[in-house]
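Right, one structure below, let's go through it.
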């Protein structure tokens, strides 16, 4: 049973592990190869999927190849796995807040022995990372990742804009205790809902906690905003392949489609379906006058009310009314 669980997790992570790559052109100057550990569950995986034991140290190695014609410098870091608002697993350290149920923080467990690699053209070097396991058997999954960032100060000019080259890769590290077969229950809680700005646009901030050390993939999340007392949703969002890191705090923003915040009482209703469970959430919230005015003032691309159209429609209605009245009066006189 334990091996089946580990295999399933391996498959789920494989399909969710998409290296983060940001670059100004199509030629990536370096590449990576994870050297399989002796505790690797499946050596065909391109990431570290390990069945480990307490009080042991796992030494991870990644070979970094310089595919370019010049010397490169690659910076190496280790970060705890997190979930971004698009439902992707990330390992870049940009999210460093987790649910208070997190017992084993991957970042704190690791020691990057080679934080900087200087690699000659068409050569390779090996990054080494030491991971110290907890001193007791642990439950569920510890998720982290190793990030590789090319230190490149060069800039290219394109159409009058300076573009800074930034090449980054991440390799996931999935740790499961080979001696712990305890079945765990998934637990997700809704923390907060709050209307405001999301990347400069109006929307609803929705924050959840994964209270369990379980990696959830292929999760479906639905969320909708209702005017209080109404069954008709104002705004909705649905994701069918959302990944949730163990013990993650994660946001699920809902766009208000560039509409202004309107003062009033509202209700958020949401559903999270994992492979084994379904969680339902409901929470009231209020948009105050001050909140609406502040957000609407700062928001970008708000749809503006076209008063000219309303004026034309109003004028047409008035003219039509006058014509009908005039015709009615003329008919009455003839009688």
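Numbering (mature numbering (1 follows the signal peptide of the UniProt record, and there is no 0)), first residue to last: -24 to -1, 1 to 311.
For glycine and all other residues, C-beta sits at the position ideal for the given N, C-alpha and C.
Element boundaries [alpha helix (DSSP H), containing residue i]
| i | result |
| --- | --- |
| residue 272 | 265 to 274 |
| residue 83 | 82 to 85 |
Residue i vs residue j beta-carbon contact at 9 Å
| i | j | result |
| --- | --- | --- |
| residue 149 | residue 88 | no |
| residue 173 | residue 274 | yes |
| residue 188 | residue 162 | yes |
| residue 28 | residue 152 | yes |
| residue 257 | residue 180 | no |
| residue 204 | residue 243 | yes |
| residue 231 | residue 177 | yes |
| residue 61 | residue 234 | no |
| residue 95 | residue 35 | no |
| residue 219 | residue 63 | yes |
| residue 65 | residue 116 | no |
| residue 103 | residue 86 | no |
| residue 46 | residue 97 | yes |
Residue i to residue j span [Cα, whole Å]
| i | j | result |
| --- | --- | --- |
| residue 109 | residue 72 | 20 Å |
| residue 79 | residue 224 | 12 Å |
| residue 276 | residue 298 | 42 Å |
| residue 194 | residue 207 | 28 Å |
| residue 216 | residue 251 | 12 Å |
| residue -15 | residue 191 | Residue confidence for residue -15 is low, a pLDDT of 47 falling below 50, so the modelled location carries little weight; the figure read from the coordinates is stated next. Their Cα atoms are separated by approximately 11 Å. |
| residue 1 | residue 164 | Annotation note: pLDDT 41 at residue 1 (below 50); position unreliable, no value reported. |
| residue 314 | residue 182 | The requested residue 314 does not occur in the structure, where the chain is confined to residues -24 to 311. |
| residue 7 | residue 261 | 48 Å |
| residue 9 | residue 84 | 24 Å |
| residue 119 | residue 278 | 39 Å |
| residue 301 | residue 289 | 18 Å |
| residue 121 | residue 145 | 10 Å |
| residue 58 | residue 70 | 9 Å |
| residue 293 | residue 74 | 58 Å |
| residue 272 | residue 236 | 6 Å |
| residue 92 | residue 126 | 10 Å |
| residue 19 | residue 259 | 45 Å |
| residue 269 | residue 142 | 38 Å |
| residue 349 | residue 266 | Residue 349 lies beyond the stretch modelled for the chain, which goes from -24 to 311, so this question has no answer here. |
| residue 33 | residue 253 | 35 Å |
| residue 4 | residue 99 | 15 Å |
| residue 168 | residue 264 | 16 Å |
| residue 54 | residue 128 | 20 Å |
| residue 305 | residue 238 | 45 Å |
| residue 303 | residue 295 | 12 Å |
| residue 114 | residue 23 | 21 Å |
| residue 283 | residue 196 | Model confidence at residue 283 stands at a pLDDT of 45, short of 50, so the residue's coordinates are unreliable and nothing is read from them. |
| residue 14 | residue 77 | 30 Å |
Closest by C-alpha distance to residue i, when choosing among the options
| i | options | result |
| --- | --- | --- |
| residue 245 | 255, 176, 17 | 255 |
| residue 155 | 33, 112, 36 | 112 |
| residue 147 | 296, 294, 21 | 21 |
| residue 248 | 278, 213, 241 | 213 |
| residue 25 | 65, 44, 229, 16 | 16 |
| residue 43 | 160, 101, 65 | 101 |
| residue 124 | 76, 266, 221, 37 | 37 |
| residue 201 | 221, 222, 241 | 241 |
| residue 67 | 77, 3, 81 | 81 |
| residue 222 | 23, 41, 56 | 56 |
| residue 175 | 128, 114, 238, 229 | 229 |
Extent of the continuous beta strand (DSSP E) run through residue i
| i | result |
| --- | --- |
| residue 245 | 240 to 249 |
| residue 221 | Here residue 221 belongs to no beta strand (DSSP E), and DSSP marks it neither H nor E. |
| residue 64 | No beta strand (DSSP E) contains residue 64, which DSSP labels as neither H nor E. |
| residue 49 | 48 to 56 |
| residue 70 | From DSSP, residue 70 is part of no beta strand (DSSP E); its letter is neither H nor E. |
| residue 33 | 33 to 42 |
| residue 7 | 6 to 11 |
| residue 24 | 24 to 28 |
| residue 151 | 144 to 153 |
| residue 17 | From DSSP, residue 17 is part of no beta strand (DSSP E); its letter is neither H nor E. |
| residue 45 | Residue 45 -> no beta strand (DSSP E), and no H or E assigned at all. |
| residue 205 | No beta strand (DSSP E) holds residue 205; DSSP gives it neither H nor E. |
| residue 165 | 164 to 174 |
Distance cut-off 8 Å: residue i Cβ against heavy atoms of the ligand MG
| i | result |
| --- | --- |
| residue 217 | For the structure depicted, the ligand MG is absent and the ligand set is empty, with no information on it obtainable. |
(request) With a floor of 3 residues, list each beta strand (DSSP E) that falls wholly inside the segment 177 to 202, ordered by position along the chain. (result) Taken in chain order, the whole beta strand (DSSP E) runs of length 3 or more contained in the segment 177 to 202 are 177 to 186.
(request) Go through the segment 75 to 129 residue by residue and report every complete run of the alpha helix (DSSP H) that reaches 4 residues or more, in order. (result) Entirely contained in the segment 75 to 129, the alpha helix (DSSP H) runs reaching 4 residues are, in chain order, 82 to 85.
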